[in-house]
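Residues in the sequence shown are numbered consecutively from 66, following the working numbering.
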Amino acid sequence: MSISRRGFIGTSAALGGLASAASVSAETTKKPVLPTRILGRTGAKVSILGFGCGSRFLAYHEDDKAIEALNHALDLGVTYVDTAYAYGNGRSETRVGKVMSTRRKEVFLATKMQERDGEKVKAIIEGSLKRLQTDQLDLIHIHELKGEDDLARIEEKGNILDVLLNLRDQKVTRFIGVTCHKDPAVLKTALERHDFDCTQFALNAALVGMKVGQGSRLGSMVMDPDVKTSFETLALPVAKGKNMGIIGMKVFAADGLVGQAKPEELLYYSLSLPVSLVSVGMPTLEHIQATTTLARDFQPLSADHMRELSGRLSSANKAALDLYLQHHRDEFSQTHVNA
């Protein structure tokens with residue numbers, strides 16, 4: 066199955082399918098409580114569903130609509146909010162900050178740093194604190210680890226890792242972490258080498274270890290238990306072994322998997338792994354309502370169900386998903402919000 070990068074952009078049909086998957090009643094307006102888990106070594110208790118403030122948050126073209134959406138998610142029990150300076154060059158952080166001005170104590174607040182140069186990182190974080198209207202961040206991630214060369218740059222003296230360690234010592238941030246979309250092996254190395262408090266990576270039922278062969282542009286695909294190329298098989302065990310707070314993302318593959326499996330299966334697959342939460346972009350109020358309802362009703366999938374689901378979805382999608390994530394850029398300008 067060939068899936069283009071544009072094919073992973075959420076469509077109205079996919080969103081409609083997700084919204085109809087959950088029965089939404091008036092009772093959900095009574096400040097529901099989502100299931101919570103401990104975020105690894107941080108000791109913080111967080112909702113199992115986080116609100117992602119990337120491209121889908123910027124897809125709310127009007128600031129007041131975005132602020133309404135985030136408030137709605139918090140009203141429905143979400144306590145983990147994930148943003149980044151790279152999302153709209155601070156626009157996402159500014160929107161989040163307008164909510165934090167009155168609701169900061171309700172939220173575990175994470176932002177992410179794409180920059181590697183230490184002095185630039187310091188300046189961006191100073192601005193992030195102002196935009197987010199807070200004196201202290203809960204978590205700052207080194208954003209989008211790309212490969213071995215990128216890891217080497219991150220580790221250079223005076224660059225981002227040094228800066229974040231110092232900011233953690235100074236209580237500017239309580240915790241530090243690292244995110245990755247495309248290279249499970251280099252993330253595994255980074256997690257083994259450094260004692261991050263948290264990590265966030267792509268984790269869904271279609272990304273489990275596949276072997277990509279020769280032939281077509283995407284390659285032919287066969288299940289091979291000896292080939293372990295996914296975040297689930299490489300990075301997840303290391304993070305779990307070091308008791309890091311583990312955050313899954315891309316659980317619906319930007320709705321590219323909705324229709325191939327039930328939305329609850331996709332969400333519950335990732336939540337049935339040893340993660341603390343999954344972070345999801347929710348571009349409409351209906352999407353927020355439906356996804357929080359699914360999270361509230363979470364039941365772990367059986368091992369047999371997970372094997373069947375991952376085998377079926379990986380065989381149809383893994384190579385296309387790998388290609389999508391290789392070219393994915395997790396940063397967005399104000400005018401280019403659906404990349």
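We treat Cβ as the ideally placed atom computed from N, Cα and C, and that holds for glycine.
Subject >> Cα-Cα separation between Leu-374 and Leu-336, rounded to whole angstroms >> reply: 14 Å
**OP:** List the endpoints of the continuous beta strand (DSSP E) containing Phe-317.
**Re:** From DSSP, Phe-317 is part of no beta strand (DSSP E); its letter is neither H nor E.
**OP:** Please name the residue or residues paired with Cys-475 in a DSSP beta bridge.
**Re:** Residue numbering for the chain in the displayed model covers 66 to 404; residue 475 lies beyond these limits and cannot be assessed.
Original post:
Among the residues of its own chain, which have a CB less than 6 Å from the CB of Tyr-145, if the five just before and after it don't count?
Top reply: Val-111, Ser-112, Gly-115, Phe-173, Leu-342
Original post:
Can you tell me where the beta strand (DSSP E) with Met-309 in it begins and where it stops?
Top reply: No beta strand (DSSP E) contains Met-309, which DSSP labels as neither H nor E.
Subject >> Where the alpha helix (DSSP H) through Arg-361 begins and ends >> reply: 350-361
Original post:
If you count every other CB in all the chains shown that lies within 10 Å of the CB of Gln-364, and 16 or more means buried, which is it?
Top reply: exposed
**OP:** Decide if the region 210-220 is in contact with the region 161-175; the criterion is three or more beta carbon pairs, one per stretch, under 8 Å apart.
**Re:** no
Original post:
DSSP on Lys-222, reduced to helix/strand/coil?
Top reply: Residue state for Lys-222 is assigned as coil, using DSSP reduced to three classes.
**OP:** Helix, strand or coil for Ser-120, going by three-state DSSP, please let me know.
**Re:** Of the three classes helix, strand and coil, the one that applies to Ser-120 here is helix, per DSSP.
Subject >> For Thr-199 and Ser-380, the rounded distance between their alpha carbons >> reply: 45 Å
Subject >> Asp-362 to Gln-325 span [Cα, whole Å] >> reply: 21 Å
Original post:
What does Leu-174 pair with, by DSSP beta-bridge criteria?
Top reply: Val-146
Original post:
For Ala-124, which option in Gly-346, Val-323, Ala-149 has the closest C-alpha, if you only look at C-alpha atoms?
Top reply: Gly-346
**OP:** Count the other C-beta atoms from every protein chain shown that fall within 10 angstroms of the C-beta of Lys-177, then say buried if there are 16 or more, exposed otherwise.
**Re:** buried
Original post:
Which residue's Cα is closest to the Cα of Leu-272: Asp-260, Ala-138, Lys-247, Gly-183?
Top reply: Checking every option, the nearest Cα to that of Leu-272 belongs to Lys-247.
**OP:** Per DSSP, which residues does Thr-101 bridge with? Please list them.
**Re:** Ser-112
Subject >> Outcome for Tyr-368 when other beta-carbon atoms lying within 10 angstroms are tallied against a minimum of 16 >> reply: At residue 368 the sequence reads Ala, which differs from the Tyr that was named. Exposed, since its Cβ has fewer than 16 Cβ neighbours within 10 Å.
**OP:** Just mark Leu-230 as buried or exposed, buried being the case when its beta carbon has 16 or more other beta carbons within 10 Å.
**Re:** exposed
**OP:** Can you tell me the Cβ-Cβ gap for Glu-297 and Leu-232, rounded? I've got them flagged as a contact below 8 Å.
**Re:** No, Glu-297 and Leu-232 are not in contact; Cβ-Cβ is about 31 Å, not under 8 Å.
Original post:
Are the C-beta of Val-111 and some C-beta of chain B separated by less than 8 Å?
Top reply: Absent here is chain B; the protein component of the structure consists of one chain.
Original post:
Comparing alpha-carbon positions, which option in Asp-262, Thr-356, Lys-185, Leu-378 lies nearest Gly-142?
Top reply: Thr-356
Original post:
Can you give the Cα-Cα distance for Leu-104 and Asp-128, rounded to whole angstroms?
Top reply: 30 Å
**OP:** Assign Arg-196 to one of two classes, buried (16 or more other C-beta atoms within 10 Å of its C-beta) or exposed (fewer than that).
**Re:** buried
**OP:** Take Val-237 and list the residues in its own chain whose beta-carbon comes closer than 8 Å to its own, dropping the five residues that flank it on each side.
**Re:** Ile-190, Leu-194, Gln-201, Leu-202
Original post:
On the premise that Asn-269 lies in contact with Tyr-333, defined as a C-beta separation below 8 Å, what is that separation, rounded to the nearest angstrom?
Top reply: That belief does not hold up - the Cβ atoms of Tyr-333 and Asn-269 are roughly 11 Å apart, past 8 Å.
**OP:** Using alpha carbons as the reference points, say which of Phe-266, Thr-254, Ala-255, Asp-262 lies closest to Cys-245.
**Re:** Phe-266
Subject >> Exposure of Val-98, with buried meaning 16 or more beta-carbon neighbours within 10 Å >> reply: exposed
**OP:** Please look up how many angstroms separate the CB atoms of Val-251 and Leu-210, rounded, as I've assumed it's under 8 Å.
**Re:** 6 Å
Subject >> Cα-Cα separation between Gly-162 and Ala-149, rounded to whole angstroms >> reply: 12 Å
Subject >> Three-state class that DSSP yields for Leu-378 in the structure shown >> reply: In this structure, DSSP gives Leu-378 a helical state, which the three-state scheme calls helix.
Subject >> Identity of the residue in Gly-119, Leu-256, Leu-299, Lys-130 nearest Asn-308 by Cα >> reply: Cα-wise, what sits closest to Asn-308 is Leu-256.
Original post:
Taking Cβ to Cβ, would you say Ala-175 is nearer than 8 Å to His-206?
Top reply: yes
**OP:** Could you tell me whether the Cβ atoms of Gly-117 and Asp-140 are closer together than 8 Å?
**Re:** Contact flag unset, no.
**OP:** Note down the Cα distance separating Arg-156 from Gly-119, rounded to an integer number of angstroms.
**Re:** 10 Å
Original post:
So who's on the other strand from Ala-326, going by DSSP bridges?
Top reply: Val-323
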